[in-house]
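These protein sequence lines map, in sequence, to chains A and B.
Each residue of the first sequence is one higher than the one before, counting from 1 in the working numbering.
Each residue of the second sequence is one higher than the one before, counting from 342 in the working numbering.
Worksheet: the structure to be examined is printed underneath.
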Amino acid sequence: MKSNVCKLLSTAAIAATISAGAAASTLEDVKAKGFVQCGVSTGVPGFSNADDKGNWTGIDVDACRAVASAIFGDAQKVKFTPLSAKERFTALQSGEIDILARNTTWTYTRDASLGLDFTAVNFYDGQGFMVRKDLGVKSAMDLDGATVCTEQGTTTELNMADFFRKNKLSYVPVVVQKADEALAAYDSGRCDVYTTDKSGLAAHRTKLADPSAHVILPETISKEPLGPVVRHGDNQWKDIVTWSMYVQVNAEEMDISSKNVAKIKSETNDPGIKRLLGVEGDMGAQLELPADWAYNIIANVGNYGEVFERNVGPSTPVDLPRGLNALWTEAGGIMYAPPVR
Amino acid sequence: MSDKTTPSNNSFLNDAGNRALIFQILLLAMVVFAGYYLFSNLQANLDNRGISTGFSFFNEPAGFPILIHLIEYTEANTYGRAFVVALINTFVISLLGIILATIIGVIMGLARLSKNWLVARLATVYIETLRNIPLLLQMFFWYFAVLAALPAPAQSYEFADFLLNKRGIYSPNPITQDGFGLVIVGFILSIVASIGVIVWAKKRQTRTGLWFPAYWASLGVIVGITFIFLAMAGFPIEFDLPTKSRFNVTGGMVLPPEFVAVLVALSTYTGAFIAEIVRAGILSVNWGQTEAARSLGLRDSMTQRLIVLPQALRVIIPPLTSQYLNLAKNSSLGAAIAYPELVAVVMGTTLNQTGQAIETIGLCMLVYGSLSLSISVFMNWYNNKMSLIER
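Here you go:
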């Protein structure tokens, strides 16, 4: 019995040290373990999706790879944790992951009460509806009396309720725990309508038995700015994630891409570009990062335009137009980042 | 201990009782300290990260819809009401599941003991298949396989005023009209009368030994008297018939596929376990009991009902209680196929909208804990009632 007591005491002592250790900064933790732990979805093509070899690709995946590039100069130093919508915030709050990049909508309540901080918007989205073509529905206003399938634990659930209430339309909600099963229920005919963010609709449509038999209705019923999330209270870490995103937008604006960045770095006379790429001064030091952090992001992951084209652009099965996500200098675009200087 | 042979110096610490006491106190202090440490650590971390705590969100409007609600509920109601709706859904599915599983279990348990080769084999196949497939898989099977097999609303199967399609089973919804109070009075009267019949039959049997089919008779009394009052009131019921609309069926009552799938999965799965418990219980009753009953001239059905089953129940009830507890807890898997029970509504949607992980999860644990404990208490009471009374 005495030895048990000793064990108990020592366990309590260890527990005390661990919780003290957890108070260290996220950057130090990440540097110590040698990789970034990134929470992603269980599979949304174009955003975060694993192929048959377990390689993750997508816009959200690239957000994490950019952070890993900034810290380690190596985009592969990321480990991914697939999370369902309802698990994601708890995983971040409890410290299981360092970044949550899981097409998560930036809202007031989430920012203010969940102990989380949103860093930047990496995709401007909006919620829409998908229906079978043969129903002949042309507008979301025609959906009176329809059965609607959606995934549980997202802003989608509330937006859907608000939309139908506001327009005094009746509906039957079928709220399924996981996106894949919600989609399967829609595909099997349990629902007339499937609703989620429009990018998600386009991505999910590629998974259906016959994608061409379904249409996405024109209405966009909500604002869904999606972006990476970090724990509240570690401003340095938040800045790193935020500026890893902004570097990509700035790079696109300056026409610097993964293909020409090496050439530009050695040839340029532009002091702004020299600062950005770490040729002059040491901007990285301000965030305890290497001097060439921005160079590494652009070289390993690319600029924002490249990331978009590679993952969800017209050449991919998801086939989304740039739309709101074009640079602010283009027509219809609002993607804007503060300058790196 | 090695110094067993030498008489110990009787100091305070050498006394076994005192030492045990000290260790108990130490252990208790440690548990209290650990609990306090964990709690204060949690509080500090929540404060650091600006996570709000408490149950005040219960009074805020929920804003989300719930597919199945047995009490009035709209998006404008509060999280508190959403919780009650979910609680009722969990209770209903558990209660119906327990009743159905018991019926299935008893029938299948008896069938496996049947002398009819085919019946016994079929029961064996049923039990061994369902017992050995994970419940979640069975739920998905019932949900998606049944959905795939049924027609779209426009091509519904129709029987009389009933409709069957992918959206559920639709039936006419009875709406009571003026004068229904008279029917309720009649129904209460009929129940009183039927109790009278049973009491009379029992008295007559003890007096004269003559047997009377009291239960069948009382059923007849209830149906008969209620019908007479219905006719007297002029049948004050109208039916709201289900009709096909553009997307769905409107009107009538509906049994959604989520509910049916969860109920079927829970009751057939648990039924397979109960069948084995029933079989074990019956086999545990000595064959001599049956022989003795037969020598007294009891018919086979009476032998089973009066001699074998009451003794088998003593073996059956304790493991049966465990199965009931399992069923109540397994109902939480309904969340996976959109049945809006406690885990889906509270730990799913409410947790996600409000972010109150500790509160919502704690609440769910409390509910499942109390649900299981009440089942336990009831079954223990029943077990005591059925146990052998020694004279």
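By construction, the Cβ of each residue, glycine as well, lies at the ideal position given by its N, Cα and C atoms.
Handout entry: A:A24 at chain B interface by Cβ criterion, 8 Å
Key = no
Handout entry: Beta carbon proximity, A:S188 to chain B, threshold 8 Å
Key = yes
Exercise for the section: Measuring alpha carbon to alpha carbon, tell me which of A:L183, A:K263, A:D134 and A:R165 ends up nearest A:D367. Expected result: Residue coverage of chain A in this structure runs from 1 to 341, which leaves residue 367 of chain A outside it and unanswerable.
Problem - Assumed close pair B:M720, B:L654 - CB separation to whole angstroms, cut-off 8 Å - result: B:M720 to B:L654, Cβ: 11 Å. No contact.
Exercise for the section: Pair every Cβ in the region 113 to 124 of chain A with every Cβ in the region 211 to 229 of chain A, then say whether three or more of these pairs are closer than 8 Å. Expected result: yes
Handout entry: CA-to-CA distance, A:D192 to A:R132, given in whole angstroms
Key = 7 Å
Exercise for the section: Please list, in chain order, all residues of the same chain as B:G689 whose beta carbon is under 7 Å from its beta carbon, the five residues on each side excluded. Expected result: A676
Handout entry: Interface flag, A:T147 vs chain D, CB-CB below 8 Å
Key = Among the chains of the structure shown, chain D does not appear; the protein chains present are A and B.
Practice task
List the DSSP bridge partners of A:F118.
Solution key: A:V229
Practice task
Would you please state the rounded distance, in angstroms, between the beta carbons of A:G323 and A:S258? I believe it to be under 8 Å.
Solution key: About 23 Å; that fails the 8 Å criterion.
Exercise for the section: Out of B:D502, B:Q518 and B:A452, point me to the one whose CA is closest to B:Y511's CA. Expected result: B:D502
Problem - Three-state secondary structure (DSSP) of B:I392 - result: strand
Practice task
Verify whether the separation of the beta carbon atoms of A:L183 and A:K207 is less than 8 Å.
Solution key: yes
Handout entry: B:G592 versus B:W557: straight-line alpha-carbon distance, rounded
Key = 36 Å
Handout entry: Alpha-carbon spacing of B:P494 relative to A:A179, whole angstroms
Key = 24 Å
Problem - Exposure of B:Q479, with buried meaning 16 or more beta-carbon neighbours within 10 Å - result: buried
Problem - Straight-line gap, B:L437 to B:G395 (C-alpha atoms, nearest Å) - result: 34 Å
Problem - A:T64 versus A:D29 - alpha carbon distance - result: In the sequence as presented, Thr is not what sits at residue 64 of chain A; that position holds Cys. Roughly 16 Å between the two C-alpha positions.
Handout entry: Buried or exposed by the 16-neighbour rule on C-beta atoms within 10 Å, applied to B:L471
Key = buried
Handout entry: Nearest neighbour of B:F588, chosen from A:S170, A:A331, A:A203 and A:P218 [CA to CA]
Key = A:S170
Exercise for the section: Helix, strand or coil for B:K585, going by three-state DSSP, please let me know. Expected result: strand
Exercise for the section: Please state whether DSSP places A:E288 in a helix, a strand or coil. Expected result: coil
Problem - 8 Å Cβ cutoff met for A:Y304 and A:L277 - result: no
Exercise for the section: For A:G153, return the contacting residues in chain B, with the cut-off set at a CB-CB distance below 9 Å. Expected result: G689, T690, L692, N693 and Q694
Exercise for the section: Classify A:S3 as buried or exposed, calling it buried when 16 or more other Cβ atoms lie within 10 Å of its own Cβ. Expected result: With a pLDDT of only 45 at A:S3, under the threshold of 50, the placement of this residue in the model should not be trusted; the figure read from the coordinates follows. So A:S3 ends up on the exposed side.
Practice task
Please check the pair A:V312 and A:I59, which I expect to be a contact at CB under 8 Å, by giving their CB distance rounded to whole angstroms.
Solution key: 6 Å
Exercise for the section: Taking A:S94 as the reference, give the member of B:E682, B:I699, B:S717 and B:N725 with the closest Cα. Expected result: B:I699
Exercise for the section: Quick one: give me the first and last residue of the beta strand (DSSP E) that A:G39 is part of. Expected result: V36 to V40
Practice task
With DSSP as the reference, label A:D74 as helix, strand or coil.
Solution key: coil
Problem - Per DSSP, the bridge partner or partners of A:Y79 - result: In the sequence as displayed, the identity of residue 79 of chain A is Lys instead of Tyr. Paired residues: A:Q37.
Handout entry: Identified DSSP bridge partners for A:A50
Key = A:W56
Exercise for the section: If I'm right that B:S531 touches B:I563 with Cβ under 8 Å, what's the distance once you round it to whole angstroms? Expected result: 4 Å
Practice task
Could you name the residues that DSSP lists as bridge partners for B:S397?
Solution key: Paired residues: none, contrary to the question.
Practice task
Along the beta strand (DSSP E) that carries B:G509, what are the first and last residues, could you check?
Solution key: G509 to S512
Handout entry: Beta carbon proximity, B:A679 to chain A, threshold 8 Å
Key = yes
Practice task
Evaluate contact between the region 568 to 583 of chain B and the region 514 to 528 of chain B, counting only Cβ atoms and requiring at least three cross-stretch pairs below 8 Å.
Solution key: yes
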